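**Q** Numbering (my numbering), first residue to last: 2 to 236. Backbone N, C-alpha and C fix where the C-beta goes; we use that ideal spot for every residue, glycine too. For clarity, every value in this text was computed on a predicted model and none was experimentally measured. One structure, as structure tokens, below. Some questions next.
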């Protein structure tokens with residue numbers, strides 16, 4: 002079993018490759034020695050084929066385990082099995098970036114706090130499936146054809162609508178392609194939007210406030226006795 006973890010970039014990978022090769026050689030030598038003892042000089046062609054398949058499987062499993070450990074160890078916020086709990090706190094070290102420049106100055110504070118609009122009125126898919134979704138320009142225009150229709154930022158919205166073009170919003174919260182977050186499941190479990198997104202209702206410009214690293218998510222799952230099965234989020 003290989004217990005090394007990649008901490009030093011390419012050097013760590015080289016050590017893992019070297020350890021994998023040593024383990025593979027040992028597995029091949031041990032298998033050949035045991036087989037020779039059992040069969041002696043009477044090893045048949047079929048025995049050799051079976052031996053080759055077994056050694057090949059050992060090679061793949063050993064090398065695969067080493068490279069998997071290397072890849073996982075370099076993912077920000079990942080805590081490998083067997084590490085002390087103190088390492089989990091370090092998973093929150095990732096600082097959220099500055100708010101991106103949006104094509105329209107949309108104020109969540111104006112819509113949520115002042116107008117009293119619920120988050121799911123615009124992000125309607127959150128309660129129906131995995132993705133919360135960004136409201137279409139048609140939904141925005143549905144209200145603003147009559148409300149503040151002459152305001153400069155609203156005129157931008159209506160211009161996109163009249164030209165049948167989607168508003169090119171810039172995503173604020175991004176997850177890696179191998180991560181699947183289910184909004185519907187979390188809402189049904191009683192979690193509010195602010196649990197992950199912070200007080201968006203009070204923001205003039207939407208920004209990311211949580212690191213969204215694996216360690217950050219695992220801490221919440223542990224605190225709420227939620228599943229920590231890999232396939233819940235990685236599938």
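Report the CB separation of residue 207 from residue 173 in whole angstroms; it is logged as a contact under 8 Å.
**A** The residue you call residue 207 lines up with position 206 of the chain shown. The residue you call residue 173 lines up with position 172 of the chain shown. Yes, residue 207 and residue 173 are in contact; Cβ-Cβ is about 5 Å, under 8 Å.
**Q** Report the option in 102, 151 and 137 whose CA atom is closest to the CA atom of residue 162.
**A** Working through the chain shown from its first residue, we reach residue 162 at position 161. Comparing Cα-Cα distances from residue 162 to each of 102, 151 and 137, the minimum goes to 137.
**Q** Compute the distance between the beta-carbons of residue 103 and residue 170, then report whether it is under 8 Å.
**A** Counting from one through the chain shown, the residue named residue 103 turns up at place 102. Counting from one through the chain shown, the residue named residue 170 turns up at place 169. Against a cut-off of 8 Å, the Cβ pair of residue 170 and residue 103 comes out as a contact.
**Q** Between the alpha carbons of residue 166 and residue 143, how many angstroms are there, rounded?
**A** Mapped onto the chain shown, residue 166 falls at position 165. Mapped onto the chain shown, residue 143 falls at position 142. Using only the alpha carbons, I get a separation of about 15 Å.
**Q** Does the structure place the region 118 to 133 close enough to the region 209 to 229 that three or more beta carbon pairs sit under 8 Å?
**A** Touching, no.
**Q** Looking at C-alpha atoms only, which residue of 168, 123 and 114 is the closest neighbour of residue 105?
**A** Taking the first residue of the chain shown as position 1, residue 105 is located at position 104. Ranking 168, 123 and 114 by Cα distance to residue 105 puts 168 first.
**Q** Nearest-angstrom Cα distance between residue 210 and residue 179?
**A** Position 209 of the chain shown holds residue 210. Position 178 of the chain shown holds residue 179. Cα to Cα, residue 210 sits roughly 22 Å from residue 179.
**Q** Helix, strand or coil for residue 204, going by three-state DSSP, please let me know.
**A** The residue labelled residue 204 in the question sits at position 203 within the chain shown. Here residue 204 sits in coil by DSSP.
**Q** Can you check which of these residues, 175, 145 and 229, is closest to residue 97 by C-alpha distance?
**A** As a position in the chain shown, residue 97 is number 96, starting the count at 1. Here the closest residue by C-alpha is 175.
**Q** Compute the Euclidean distance between the alpha carbons of residue 1 and residue 232, then round it to the nearest angstrom.
**A** The displayed coordinates of the chain run from 2 to 236. Any statement about residue 1 would go beyond what the structure contains.
**Q** Note the first and the last residue of the continuous alpha helix (DSSP H) segment covering residue 189.
**A** On the chain shown, position 188 is the one that residue 189 refers to. Looking at the DSSP string, the run of the alpha helix (DSSP H) that includes residue 189 is 184 to 189.
**Q** Using the Cα positions of residue 234 and residue 228, report the straight-line distance between them to the nearest angstrom.
**A** Taking the first residue of the chain shown as position 1, residue 234 is located at position 233. Taking the first residue of the chain shown as position 1, residue 228 is located at position 227. Those two C-alpha atoms are separated by around 10 Å.
**Q** Excluding the 5 residues preceding and the 5 following residue 112 in the sequence, name in chain order all residues of the same chain whose CB lies nearer than 7 Å to its CB.
**A** Along the chain shown, one-based indexing puts residue 112 at 111. Around residue 112: 118.
**Q** Under 6 Å Cβ to Cβ from residue 222, same chain only, skipping five residues before and after it: list those, please.
**A** Position 221 of the chain shown, counted from the start, is the residue given in the question as residue 222. These residues qualify, in order along the chain: 229.
**Q** Within 8 Å of any Cβ in chain D, is that where the Cβ of residue 162 sits?
**A** Judged by its chain identifiers, the structure shown contains no chain D, having just a single protein chain.
**Q** Tell me the DSSP secondary structure of residue 194 in three-state form.
**A** Taking the first residue of the chain shown as 1, we reach residue 194 at position 193. Note: residue 194 maps to coil in three-state DSSP.
**Q** Quick check on residue 190: buried or exposed, where buried means 16 or more other Cβ atoms within 10 Å of its Cβ?
**A** Taking the first residue of the chain shown as 1, we reach residue 190 at position 189. Residue 190 should be labelled exposed.
**Q** To the nearest whole angstrom, what separates the beta carbons of residue 140 and residue 120, a pair I think is in contact under 8 Å?
**A** Along the chain shown, one-based indexing puts residue 140 at 139. Along the chain shown, one-based indexing puts residue 120 at 119. Not a contact, Cβ separation roughly 13 Å.
**Q** Between the beta-carbon of residue 110 and the beta-carbon of residue 205, is there less than 8 Å?
**A** Taking the chain shown and counting its residues from 1, the one referred to as residue 110 is at position 109. Taking the chain shown and counting its residues from 1, the one referred to as residue 205 is at position 204. Yes. Within cutoff.
**Q** Whole angstroms are fine: how far does the CA of residue 114 sit from the CA of residue 150?
**A** As a working mapping, residue 150 is identified with position 149 in the chain shown. As a working mapping, residue 114 is identified with position 113 in the chain shown. Between residue 150 and residue 114, the C-alpha separation is close to 20 Å.
**Q** Between which two residues does the alpha helix (DSSP H) harbouring residue 122 extend?
**A** Translated into the one-based positions of the chain shown, residue 122 becomes position 121. Unbroken alpha helix (DSSP H) run through residue 122: 120 to 123.
**Q** Specify, as a first and last residue, the run of the alpha helix (DSSP H) that residue 148 falls within.
**A** Here residue 148 corresponds to residue number 147 of the chain shown, with the count starting at 1. Here residue 148 belongs to no alpha helix (DSSP H), and DSSP marks it neither H nor E.
**Q** Just mark residue 236 as buried or exposed, buried being the case when its beta carbon has 16 or more other beta carbons within 10 Å.
**A** For this step, residue 236 is matched to residue 235 along the chain shown. Classification for residue 236: exposed.
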